[in-house]
Every structure is written in C-alpha cells, then in structure tokens.
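Residue numbers (this note's numbering), protein chains in the order written: chain Y, 1 to 255; chain Z, 256 to 510; chain E, 511 to 757; chain W, 758 to 1004; chain F, 1005 to 1330. Please read the structure below before turning to the comments.
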Amino acid sequence: MPIITCRDVALQFTNDQTPVLDQIQLDIQEGEFVSILGKSGSGKTTLLQLLGGLLSPTKGVIKVLGRTLTSPFDEITYVFQKPILLEWRNVLENVLIPLELKRKPNQDDIDKAYQVLSAVGLKQHVTKYPHELSGGMMSRVTLARAFLMEPKILLMDEPFSALDAMTKEQLHLVLLKLTQQFSTTTVFITHDITEATYLSDRVVLLGGYPAHVKQEFPVTFSRPRSKKLTFDSRFIATTKQLYDLIEGLEDDEKD
Amino acid sequence: MPIITCRDVALQFTNDQTPVLDQIQLDIQEGEFVSILGKSGSGKTTLLQLLGGLLSPTKGVIKVLGRTLTSPFDEITYVFQKPILLEWRNVLENVLIPLELKRKPNQDDIDKAYQVLSAVGLKQHVTKYPHELSGGMMSRVTLARAFLMEPKILLMDEPFSALDAMTKEQLHLVLLKLTQQFSTTTVFITHDITEATYLSDRVVLLGGYPAHVKQEFPVTFSRPRSKKLTFDSRFIATTKQLYDLIEGLEDDEKD
Amino acid sequence: MMKRTNIYSILLFVGILAAWEIVVRVKEISKIILPAPSAIGANLFQHFQSGYFYPHILATSIEVFGGFFVGAIFGIGLGFLVAQSKTVREILQPYIIASQAMPKLALAPLLVLWFGFGYTPKIVIVALVCFFPLFESTVTGLSHVSREKLALFHSLRATRTQTLWKLRFPTAMPYIFSGLRVAVVLSVVGAVISEFIGANKGLGALIIASQGMMDTTLMFSVFILLTLKGIILYQLVNWIEALFLKI
Amino acid sequence: MMKRTNIYSILLFVGILAAWEIVVRVKEISKIILPAPSAIGANLFQHFQSGYFYPHILATSIEVFGGFFVGAIFGIGLGFLVAQSKTVREILQPYIIASQAMPKLALAPLLVLWFGFGYTPKIVIVALVCFFPLFESTVTGLSHVSREKLALFHSLRATRTQTLWKLRFPTAMPYIFSGLRVAVVLSVVGAVISEFIGANKGLGALIIASQGMMDTTLMFSVFILLTLKGIILYQLVNWIEALFLKI
Amino acid sequence: EEEVQEVVNEEESSQEEVTTEFELEKIRMASWSQPITEQANLYLAEERGWFEEAAIDFEFIPGAGGGDAVRNIIAGNADIAFANVEAVLLALEQGEDLRIIYNIYPENVFNLISLKESNITSVEDLRGQDVGIYSRSSGTYQNLLVLLHQAGMTEDDVNLIETGVLNFGPLMNKQVVATAATDTGLFDAQRNELGEVDVIEVKDVLNTPADVFVVTEKTFQERKEALVRFLQVYRDSVAYTMEHPEEAAEVAVGAAIDGQDVERNIEIITIRNNTSTNEEIAEKGLGWLNLDILQEVEQTYYDLGLLSERVHVETITTNELVEQLN
Ligand SMILES: Nc1ncnc2c1ncn2[C@@H]1O[C@H](COP(=O)(O)OP(=O)(O)OP(=O)(O)O)[C@@H](O)[C@H]1O
Ligand SMILES: Nc1ncnc2c1ncn2[C@@H]1O[C@H](COP(=O)(O)OP(=O)(O)OP(=O)(O)O)[C@@H](O)[C@H]1O
Ligand SMILES: Cc1ncc(C[n+]2csc(CCO)c2C)c(N)n1
Ligand SMILES: [Mg+2]
Ligand SMILES: [Mg+2]
C-alpha cells in the first residue's frame, strides 16, 4: 500500500481565480524518493503543502499512512521553499525548535544537532543569528532542522536551490544517507534536472492550467548511488531524456 | 578605464569576527558581464553589496565610474538574493517602485512595466499581491523591477536560482538582450556553472578565509550567443574546465 | 442566525444586570452608593426624553474631537519628525520623555488659568493626553521596518522622505491605528477630567453636578453615556482602519 | 566628550528657563498664576530639606507600583487569553471594548466609595488605567506574527500554547514594551487623579493641598516631582527592554 | 461600653494603661477635605492622646467635598461625617436617614470678593458680569446663589464661571470681576498679594452653619455613647485650641498636609476659632445647633431650587448629644 495517495485532488485559493491544481492523482510508496518538476508558478509548492497537510484540498482526498490528511502529521517534516528562521534564536537554537516542541532537549540532542550542523557545513556558525547568515547558510539551517528530526516522511521544497555545486553535492550525500538509514519517504521539489535524476526513484512532472501530473518518469539506477554516477553515460542519457520530455511538454503548453 | 575597480578591499562585519573579505582586487570593464562563483557563505553577496554601495569596505577603495563609492549610485541597479517586495503593493506596483522614486509614472512607464512583466512571464499575475505569488514568481517580479530601470550597471545576486530550467533559459535571453541593448555592465552571482559560462565574459572565483579572488576565468565565446551554444562541445568543455577548476580550489581549502 | 458566542455575551450581560439588581434590592443598598440598573435605565430614559443630555454630549464631543484632532496632528507629526531626523530626535529626546512623563491631567487647573475658560483649555488637555500614545506608536511603528526593505530603498537611492512615505509609513499603519484606539479613548477621559476642573457644560461637568446633588443615579447614567461615546469612537477607528486596509 | 545634540538640548533648556524667569519678572506676573523658575527651585530645595516631600513620594510610589503590577498582570494576561482562545475573545469582546472605552478616571469617586479609603481604591484605579494600553498592545503584538512563521509552527504541529510562547510572545515583545511605556506614564496620572479624590498623602493630595493654599509654586514643584517620577519609570522600562533584547 | 466609660473617667491621666488593658472603640471621621490646618484641633487631640483617653481609636478619612464625607458614612466607610449643611440637605433629599448632631462652625464662611478697582459694593453690581465659583458642586456656588437670591436676582443675571480651585487667579487676571470664596481662601489669596479687595459676606444674608457633624440614623441609635465621647474630645480640643492657637499650629506642621508654615497655621486656626463660636454659642456651648437657622437655610435652598422638596431638617437635627457634653 502506498504511504501517500492523492485522489482527484483539486485546490483553488480564491473563488474568483481558476483552481491552481486539479485532478491530481499520485501514489507514493514507503521509502520512495519522488522529485517534482514543473515550471515556476505551476503549483509545485501548493501540491507539496497539500501533502504536508498545510493546505486542505478543495476537492478530492489525500491519505497519508492510511489516514485522511487534514492537518500536519507527526511523521511528516516539511522544508519550506523560503528558509524560515526565528530572528531571536541563533543557528543552534533554530535547529532545536522542532525538538523543543516535543520535549526538553537534552545533551544528546544538542550533540546530535551539532553533528547535523556540521554535516551541512555550519559547524563554525552555530552561534550566529539569522541576520548574520548568507542565503545559502539559512537554507542549510532549515535542512539541519529537518534532518535532526529523522522523519518518516520528508517533504522538501527546492532545498538546495541557494547552494553552490559543491555544497549541493555534499548535501546530496547527506540526504541520501539519511533517507536510506531511516527509509524515509521523500518528496522533493527541484528545478535541477540532474539533481532530480540523481536523487529520485521517480520524477513527477507537473504542468497545465490547472496543473496536474503530466507525466511520471521512473529512475531505476540502483542504490546506493555514488557521486560518480552523474558522469555515467546512462545517467547523462536519462537526464537528457527527461530534459527533452519537459521541453516537449512545455512546447505543448505554449500560448 | 574599468567602470568598477576594487583595490585592496576588505570587509569585516564585527570586530570580534575575522574579516569576510580581504585583499579583493577586481576590475570590471564597461559593458562586461562578470559572474561570481563561490561556495555558500564565502562572501559573494558581501562583495556584491560592496560594489553596490550597500556596504562600505573596512579597508581599501572601490571606485565606480571613476568616483569613490560610498553609497549607492544612480547608475547601479541591485537585485537582492532574497526577493524583497512590499506586501501592500501588487506585482505591478512593486515593479514601479524605483520609477516612482524618481518621478510620477506616466502611461508609457506603465505600458513598459507590462511589457517587462510579460517578458518575465508574469503577464497573467500583475494584480496579485506578494503573498499570492510562488517563490519563483517573486524573484521574477524583482527581475522585472530591475529590467524596467534599464540600468548602466546591473548587480544581480542569484537572480535565477528559484527558476526552472525553461523559465531560466527564457530569462537568460531577456537578460542578454537587455545588457546588449544598453551595454549594461553586469555582475552576476550564481551557483549554476553552465549559466555562468553561458552568460559571462569572465567568471570570478571567490574563496578562502577571508575570501579573495582565487581565480579569474575568461569566457570568450562570441556574442550574441544563441541558446544552442550550450550544446556546443567547446562550451561543454569550457564548463567542465571551470567545474574542475572550482573542485580543485575547493579541495585545497578542505580542513 | 446569531453566533453562539454572541448569545453567551448577551446572556453574560443579562446575568450581570440581574445579579446587580438583586443585590441592590436584597441588601437594600442606598441609591447614593449603588443605584439599581432599573433606576439607571429610568434615569437615562427620562433625561433623554427631556433633552437634558444633548447640550452636554455636544460640549464633550466638541472637546473630544477638537483635542483629538490637535493631539493627533502633533503626536503623529512629531513622531514623523523624530523618526525622520536624528538631530531633531536627539535634541528633543529629553523634552519628549519629560512631556510624556508629565501627568498632564494634573495640569488642568493651571491650563484654565492660562487659557481662560471655555473650550480652549479642555481642547489643550485632550490634545496633550492624545499626544503621547500617538507619538509613541508612530515612532515605534516607523522604526519597525525590516532591514531588507530598508536596504532595498537604500539601493534605490530613495530619499529620507520617500523612504518615510513609501516604506515606513505603510509599515507603521497598524501601530498608528493601535495608538489611535488608545488615544481616542483617552481623549474622552481627558475631556471629562478637564470638565471636572471647571466647566458648566459637558458630561464631566454633569458628573460633578451629580456629585454635588448626591445623585449617583445620574452619575451612572453619565458613565454609560461616556462609555457609549468611547465605544463609538473606538469602533470608528476600527472602521477607518478596515477601510484603509482595503484600499 | 559631550555630544553636540546634548549641548543643544541643555542650551534649549537653559534658554526656556531664562525666558520664563525674565517674562515673570518683567511682566510682574503674580506667583499664583505663574511662579518664576527660581522660586520653584527654592521651593523644591526647601521642601526636600525639611523632608516634607518624602512621605508623599512614598505613598504615590506604592500606588503606582501596586497598580501597575496588577494592571500589567491583567492587561498582558488577558491579552494572552484573548489572543489564545477565539471563544473567549468573542464572548469578552464587547466587554473589553466597553471597559476600554469607559473613562475609568471618572469612576474614581465611586471606587473610593466602594473600596473605602486607603491604598485599595487608588491601586484599583491605577490598575484599570494601565490595563487598557497593555491589553491593546499585547493583543496587537501577539497577532502580528508573519504567516510564514505561523506556517512553520503549524507544520511542526506546535500546540496553541507552544506557538504562543515560542513564536507569538517573542514577536509581541516590542509591542508589549511600547504598551508598558504608555502604561507606566499613565499609572502616575492615575495615581495622582485618584489622590485628587481623597487622600491624606501622596503627590496628588499635595497638589490639592497646594491649590487650597493658593501655593502655585508648590504645585509646580509637585509637577516637577511627578515628571521626574514619570521619566524614571519610563527609562526603567527602556532599560528593562534593552536588558531583555540582550538576553 | 459603660465599663469602658467608667474606667476612662477614673484613669484619665494614665493613658498607657487604658490602651493596654481596654479595647479602643474605632471612630472613623469622614471629612470634606484632606487633613488640613483648619482642623488643627483634631490633630492636637490625636497628638495629646485625648482620643485614647476617651477610649477612641480615631481615624481621619479624607474626601473631596462635603458630599464625599456624607457618602462615606452612608457607604459604611466612616462613622461620622464632618460636612457642610448643603451636603446633608441633599442627602436627605435622596431619602437617606441621617442625624445632625453637632454644630462645628455656626458661622457661614463664604463671601464674595472683588478687587477694589472694580468697585463692586453690592450684589446688584454683579448684574451681567463674570463671577467666579469653584464649581457647581461647591459651596461657592450655593452661597453665591443665596446672595443673588437675597438681591432678587438669579444665576441668569450674572455670568457664572467655573474657575476651579485656583479661583483667585482669574480674579487677579481680571478674567472675572468677582469670585465666591471662603474666608480662609481669601486669607491665602491676600498672603499672595491679592491687593485691596471688597468683601461681601454671605453670613450677613444667611448665616448657614458652615459644617456640622452628621451620622446615619443607625449609628446614632446604636453608638450614642461613643459619639458623645467623641464629641466631648472634639469640643474640648476646640476650646483648648481657642486658648492656645500656637500649640495647634505647631502640631499642624507635622499633621496637616498644608501645615508647613507655622505663621500661616496660626492665622488659619484663628479664623476657624472665630467661626467655631458666636455670641449665641458662647452662651449655649460649643456645638449647639440652632434649629431655626437650619430651617431657614432649608427654606432658602428650597426657594432657590437647590432642593426640590422639603426635607424637614429640624426633625433630624438634635442637640441630644450636645446636651450630654460638659
Ligand atoms: N550582517 C552580517 N553580520 C555578520 N556576519 C555576516 C553578515 N552578513 C554575512 N555575514 C557572514 O559573512 C559571510 C559571507 O556571507 P555572504 O552573504 O556574503 O555569503 P554568500 O557568498 O553570498 O553565500 P550564499 O551563496 O549562501 O548566499 C558568512 O559567513 C556570513 O555568516
Ligand atoms: N496564497 C495564495 N493565494 C492565491 N494564489 C496563490 C497563493 N499561493 C500561490 N498562489 C498561486 O498558485 C500558483 C502556484 O503557486 P506555487 O507556489 O504552488 O508555485 P510553484 O510551482 O511552487 O512555483 P515556484 O517554482 O516559483 O516556487 C501561482 O500562480 C500562485 O500565484
Ligand atoms: C470651612 C469649610 N470650608 C470649605 C468647605 C468646603 N465646602 C463647602 S460646601 C462644599 C460643597 C460640598 O457639597 C464644600 C466642598 C467646608 N465644608 N467647610
Ligand atoms: Mg514553489
Ligand atoms: Mg549570497
């Protein structure tokens, strides 16, 4: 049984606007890594927020772990597109927020937070406040915050878009390790086709007005995937294929 | 004579922290398109803000158009890393802000704003308010705002990082056309190496603690550059070269 | 249909009135100390019918509106000036704090001496009383703009005045309205207290007169009028705020 | 070295005092109407030396602190409650508006009657007066959290209480401090007015006594004491705010 | 209670034993004012321990006007009120059961003051002029009406102006031609260089007793004996203060809120000593109530419209307690 299912899901923000999403059908299996691609403004964030229980569908049903989703579940951790930090807390304190909401963090928690922060390359910056951080550093704080929770389901909205190639590669490894270790089900929005291919079991293409799942594209490279996979010709071919597919879909839509 | 020169520029945010930038030497010629690459948190934004007159160097001198820079110049338009919009103004009104600060916008200005908004793909969304926009749409509003000003010097901080591949390509064309038309001097921060190669006359690599210009990498493809250039083998080779260069520099720095 | 909470509200109100009436009747509390709600209602009705209240309501209204207007202009205006110019701020700082800290209502007797009788001293007091919360909230609001937006305006070479009008002012709006809500209520208090000191008309004068006549029932009636006046003004501010937010 | 603006401030002060002194002397203004600054200075000095002021300052301080404390607890507390529970908000809404709109200082004579003489009625009045700005600023502050942060907390399944303490409260802090500044100054006014109604001791009682003696000079001295008191309390709030921001 | 009385009589001189061995009976006196020098005899009595000697635990409850004093006894915040007659009449009109038991000041203290240069010599001269009063709830208003009434005028014939308590300011500022005030008010104004004035005294028209002690009917019935002890101390202290105004003046420095200046204290106390007695009182004894005058006052106020119905003040006024004093 899939861990996440969407049936005929539609979402309309205001009655006077056309729906943003309509007729969304989506099944995601436990432990699966699904990337969502789509043009800017197509409705990716909206879909992810629906999956996270942050928005409620206007039509249709979303089930997570067999239960109908009405508000966020404990098993789900959501990484927002724009890094959201509390200005009055430093990096470490920001990372500890979700834990604090569950229980008083103990020394172990703090040690683990340091580890995660170090994994995202912020070891030197734990005591900085948000206004002292660069854009990419802010994103990485929110990533550390998510990783620390070792979630069952991880929803990430363009988490690496503010990062340079090197840092991004490092974090790919961190993410893959984590999802492997906890067999985390991951839904991942990105604009980076190579990244989507490298990380995913399946790529979902969103498009149309209102947006729906235009195409699903399975990626079958075996796991664990090494960094070298990206230089593999099969990998490059797959990426190209995906790229062409997207371009084709886009051309259809031209007005 | 270069339009922008940095001599021995250093910047330190607080006295108790080590400087972020030191010994920055940089000359940028009129009409040149320079990209800045560097790891997240290396100091790219800091450097760009120095060039924009938004920060003042702790040491050294920055000259723009022969004048020492102390605060923003009229000839410079700056696009922030994080889209900054006024929530109480809709898309069109946000785009018109810089103009409004100069004079009362007339019908021509508004028509032009519509054109620019249409060029960035927001024609359908001019009356939306910031909270109704997707992340990429917000970035595009700030791009439209910058383009409308037809600036002499354009400083852009990761302007396309929130955009999908297709939209990004479209906007590359818009940007190249604009910079060509007004022989705009552009300094461009990006994490996308392909993008940097495609757009730039020169790529500047920032790195080290404190950061300085590690390497400058000229890109000599003739202009105008077509979309097809990116499939050219010479282009791919140059990109790979740049990628390797960066990786090499990074490895040096490993601690 | 009515909302459930509205029904609770009304029930609570009725309950309080009933309890009050019963306590007064059972304990035979003197009407000088605490008149029964029924007596107050009758008193209100009677005086409205006779037209007794109208000139007093009018007089207090003139003071409230006049003073509020003057106080708002000075409070918001000086708030802008202080937020605008660092020099002005630093020079005036101690005076502003002093003028804020001064118990202006206690000044009432002297103001009568200086400004003569009639509306002037009362309008001055109301204005003084309104000034402070408006000034405070204007300055607070104008200085609570995010760094990012200030950076944007800085990069656009916006002048100080442009930043003020196009950035700081819209940001300050909810703060200023919060200040207006406080000020409008205080202006009623200011008018009443200034009328305590010396006035032949106005709801405050009526309170003094009712005290002199030992007519506590009338005093309560006047309180109710004052409270209604406050509520109307308060809601007026809310309504104007809603109107502004819509634009 | 002193800042230039500080020097201007002081010069302005000296200038005002000098002009005042000259006007009073040249125009031979009666000391009942406007005493000279020199006379006020002498009066202050004399009464401080004789110890005349101390019990009055103490009495007013007790009322101010007691009332401020009670008012702050209720104002901020109820602000939290109302921000927290929609039901409570909707039921209490009309009462809160009414209680805010009511000119509480005008209630002073009745409160004295109900609560007897002594500190109680004065503390009640000060508390009532402080309540409103604190309540208003707490509610405003608690509801000015950005949607994004609320979304984050929603996604983290934070309870209402957690959102209140870890998100809304820190956001509301500057608003609450702004309310505290207004409240602390109003608390002095409240104490003085309540002492007008009937008190043996306190700076407000002293104002009434000075009026009875036609001793305008003493009245000015008391104003100055009250203003100083207000300034000290105001700066105390600023200082506590700075302390909080540091933590 | 009788026991207490006996013991007090026996051990009049050794107050310490009384306070340690016997319960003091609380008497709270609601005044129309703060503790001011005018009532210096009370502070003298406190200071000398005369209240303790009479087994009374005395407390001064301040107020802002005679109305406050009367309301405070009705509300139970005080046992006995030191209030002007007008306040009592108005409370009676509201249906309260009160008893007037002692005549504190048999003389009317109100007057009308004008600067000499304004040349106001009779009430008639006020016609059409601006005349100052404290407020419409003050004795200045009521007594000015009495003056006007006697001259066949009403308040519509003059332009009444509420000036607040600093009423001599507008007079000196020439914002009014005349102002209604009390004798002590006039004295203070003159200390502050008011200059030459004309004074029209209200007592020449209607000699309203300025202040009386008043209690609720309930207190009167239940605590007669304690009231007598209180009144005895009060009367004795007045008599003593008349003999030794400078001693009272000294005590007032510490006890009265406006008592800083001893010289002024003596003057004020002397003025109040004079209003505490007159020829008739000298004969009948301090505190004696003249029912005829009170009836005349009621009649006048009824005629003036200040009272809308008759309250029969003579029926609630009693010399019963005064007669028990020695
Ligand atoms: N206002 C500030 N105060 C203190 N330190 C700051 C401030 N702004 C930036 N820094 C520090 O300066 C360094 C460089 O920041 P900068 O924003 O220039 O990085 P960047 O290269 O733009 O990174 P990114 O790609 O993530 O945007 C970082 O270590 C950051 O913590
Ligand atoms: N709160 C809202 N109210 C009204 N419309 C909204 C709201 N949020 C988003 N939209 C609209 O819904 C559409 C989809 O937005 P969404 O944020 O899902 O896009 P996206 O695919 O995530 O884009 P991007 O890649 O730019 O982040 C857009 O047209 C946007 O204007
Ligand atoms: C000696 C003496 N002087 C002044 C007053 C004050 N006073 C006189 S009438 C009045 C109005 C109260 O209703 C007040 C306050 C007094 N009682 N006794
Ligand atoms: Mg999005
Ligand atoms: Mg940056």
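Beta carbons are placed, not taken as given, at the ideal position from N, Cα and C, and that holds for glycine.
Item to complete: Keeping to the same chain, check which residues put their C-beta closer than 7 Å to that of residue 1020 of chain F; ignore five residues upstream and five downstream.
Response: With a pLDDT of 47 at residue 1020 of chain F, under the threshold of 50, the modelled position of this residue cannot be trusted; read the value that follows with caution. Closer than 7 Å at the Cβ level, and outside the excluded window around residue 1020 of chain F, lies no residue.
Fill in: Euclidean distance between Cα positions of residue 891 of chain W and residue 700 of chain E
If you take the alpha carbons of residue 891 of chain W and residue 700 of chain E, they lie about 19 Å apart.
Discussion item. Could you check whether the region 1060-1072 of chain F touches the region 993-1001 of chain W, counting it as contact only if at least three pairs of C-beta atoms, one from each stretch, sit closer than 8 Å?
Written reply: Per the Cβ contact rule, the region 1060-1072 of chain F is not in contact with the region 993-1001 of chain W (fewer than 3 Cβ pairs under 8 Å).
Worksheet item: Residues in its own chain within less than 6 Å of residue 898 of chain W by CB, not counting five upstream and five downstream?
Response: If the five residues before and after residue 898 of chain W are omitted, its C-beta is found closer than 6 Å to the C-beta atoms of 929, 932, 933, all from its own chain and listed in chain order.
Discussion item. Against chain W, which members of the region 626-650 of chain E pass a CB distance test of less than 8 Å?
Written reply: Against chain W - using a Cβ distance shorter than 8 Å - the residues of the region 626-650 of chain E are 642, 643, 646, 647, 650.
Worksheet item: Taking 7 Å as the cut-off, is the CB of residue 133 of chain Y close to at least one heavy atom of ligand 1?
Response: Yes, ligand 1 has a heavy atom inside 7 Å of this Cβ.
Item to complete: Give a yes or no on whether the minimum CB-CB distance between residue 78 of chain Y and chain B is below 8 Å.
Response: In the structure shown, chain B does not exist; the protein chains are Y, Z, E, W and F.
Discussion item. Alpha carbons only, please: which of W:971, W:984, W:886, W:952 is nearest the one belonging to residue 937 of chain W?
Written reply: Ranking the options by Cα distance to residue 937 of chain W, first place goes to W:886.
Worksheet item: Opposite residue 443 of chain Z in the DSSP bridges: which residues?
Response: According to DSSP, residue 443 of chain Z bridges with Z:290, Z:411.
Fill in: Buried versus exposed call for residue 1001 of chain W [16 or more other C-beta atoms within 10 Å across all chains shown]
The residue in question, residue 1001 of chain W, is exposed, as its Cβ has fewer than 16 Cβ neighbours within 10 Å.
Worksheet item: Can you find a heavy atom of ligand 5 that lies under 7 Å from the Cβ of residue 167 of chain Y?
Response: Remark: the shortest separation between the CB of residue 167 of chain Y and any heavy atom of ligand 5 does not fall under 7 Å.
Worksheet item: What residues in the region 320-332 of chain Z have a beta carbon less than 7 Å from any beta carbon of chain E?
Response: Taking 7 Å as the upper bound on Cβ-Cβ separation, chain E lies near residues 327, 329 of the region 320-332 of chain Z.
Worksheet item: Exposed or buried, what is residue 1176 of chain F when buried is set at 16 or more other beta-carbons lying within 10 Å of its beta-carbon?
Response: For residue 1176 of chain F, the number of other beta carbons within 10 angstroms of its own is at least 16, and it is reported as buried.
Worksheet item: Is residue 954 of chain W close to chain F, meaning its C-beta is less than 8 Å from at least one C-beta of that chain?
Response: For residue 954 of chain W, the answer is yes, since a Cβ of chain F falls inside 8 Å of its Cβ.
Discussion item. Counting only beta-carbon separations shorter than 8 Å, does residue 667 of chain E have a partner in chain Z?
Written reply: Yes, residue 667 of chain E counts as interfacial toward chain Z.
Worksheet item: So which residues of chain E does residue 772 of chain W contact, with C-beta pairs closer than 8 Å?
Response: Around residue 772 of chain W, no beta-carbon contact reaches into chain E at under 8 Å, the shortest distance being about 12 Å.
Worksheet item: Alpha carbon to alpha carbon, what distance is there between residue 535 of chain E and residue 1055 of chain F?
Response: Each residue's Cα considered, the two are about 38 Å apart.
Item to complete: Over the uninterrupted alpha helix (DSSP H) stretch that includes residue 806 of chain E, give me the two end residues.
Response: The structure shown has nothing for residue 806 of chain E, since chain E only spans 511 to 757.
Worksheet item: From the DSSP output, which residues share a beta bridge with residue 386 of chain Z?
Response: In DSSP, residue 386 of chain Z forms no bridge with anything.
Worksheet item: Which bits of chain Z does residue 247 of chain Y rub up against, with CB to CB less than 9 Å?
Response: The answer, in chain order, is 420, 421.
Worksheet entry | Interface residues of the region 134-149 of chain Y facing chain Z [CB-CB below 9 Å] | For the region 134-149 of chain Y, residues whose beta-carbon sits nearer than 9 Å to a beta-carbon of chain Z comprise 134, 135, 136, 137, 138, 139, 140.
Item to complete: Indicate the three-state DSSP secondary structure (helix, strand or coil) for residue 471 of chain Z in the structure shown.
Response: The answer is strand: DSSP assigns residue 471 of chain Z an E or B state.
Fill in: Own chain residues within Cβ distance below 7 Å of residue 728 of chain W, not counting five before or after
What is shown of chain W runs 758 to 1004, which leaves residue 728 of chain W out entirely.
Discussion item. Tell me the residue span of the alpha helix (DSSP H) that contains residue 1035 of chain F.
Written reply: In the DSSP assignment, residue 1035 of chain F falls outside any alpha helix (DSSP H) and within the unbroken beta strand (DSSP E) covering 1029-1035.
Fill in: Secondary structure of residue 1317 of chain F, DSSP reduced to three states
When secondary structure is reduced to three states using DSSP, residue 1317 of chain F falls in the helix class.
Worksheet item: Taking 7 Å as the cut-off, is the CB of residue 53 of chain Y close to at least one heavy atom of ligand 7?
Response: Within the structure as shown, ligand 7 is missing, the only ligands being ligand 1, ligand 2, ligand 3, ligand 4 and ligand 5.
Discussion item. Could you check whether the region 1035-1050 of chain F touches the region 954-968 of chain W, counting it as contact only if at least three pairs of C-beta atoms, one from each stretch, sit closer than 8 Å?
Written reply: These segments touch.
Discussion item. Checking 8 Å against the spacing of the C-beta atoms, do residue 34 of chain Y and residue 119 of chain Y come in under that value?
Written reply: It is not a contact, given that the beta carbons lie outside the stated cut-off.
Worksheet item: By a C-beta neighbour count over all protein chains shown, 10 Å radius and 16 as the cutoff for buried, is residue 1006 of chain F buried or exposed?
Response: At residue 1006 of chain F, the pLDDT of 43 sits below 50, so the modelled position is not reliable; the number obtained from the coordinates is stated separately. Residue environment analysis places residue 1006 of chain F among the exposed positions, since fewer than 16 neighbouring C-beta atoms fall within 10 angstroms of its C-beta.
Fill in: Near-chain E residues of the region 305-319 of chain Z (beta-carbon distance less than 7 Å), N- to C-terminal order
The residues in question are 307, 309.
Item to complete: Take the Cβ of residue 1086 of chain F as the centre, count every other Cβ of all protein chains shown within 10 Å, and call the residue buried at 16 or more, exposed below.
Response: Around the C-beta of residue 1086 of chain F, 16 or more other C-beta atoms lie within 10 Å, and the residue is accordingly described as buried.
Worksheet item: Alpha carbon to alpha carbon, what distance is there between residue 297 of chain Z and residue 489 of chain Z?
Response: The straight-line gap from Cα to Cα measures roughly 29 Å.
Worksheet item: Of all Cβ atoms in chain E, is any one closer than 8 Å to the Cβ of residue 938 of chain W?
Response: Yes, because at least one Cβ of chain E sits closer than 8 Å to the Cβ of residue 938 of chain W.
Fill in: Within chain W, partners of residue 1114 of chain F - CB distance below 9 Å
Neighbourhood of residue 1114 of chain F in chain W, by CB distance below 9 Å: empty, with the nearest CB roughly 15 Å away.
Practice prompt. Measure the alpha-carbon distance for residue 1258 of chain F versus residue 1264 of chain F and round it to whole angstroms.
Written response: A straight line joining the alpha-carbon of residue 1258 of chain F with that of residue 1264 of chain F spans about 8 Å.
Worksheet item: What in chain Y is Cβ-close to residue 998 of chain W, meaning under 8 Å?
Response: The contacting residues do not exist; residue 998 of chain W stays about 13 Å from chain Y at best.
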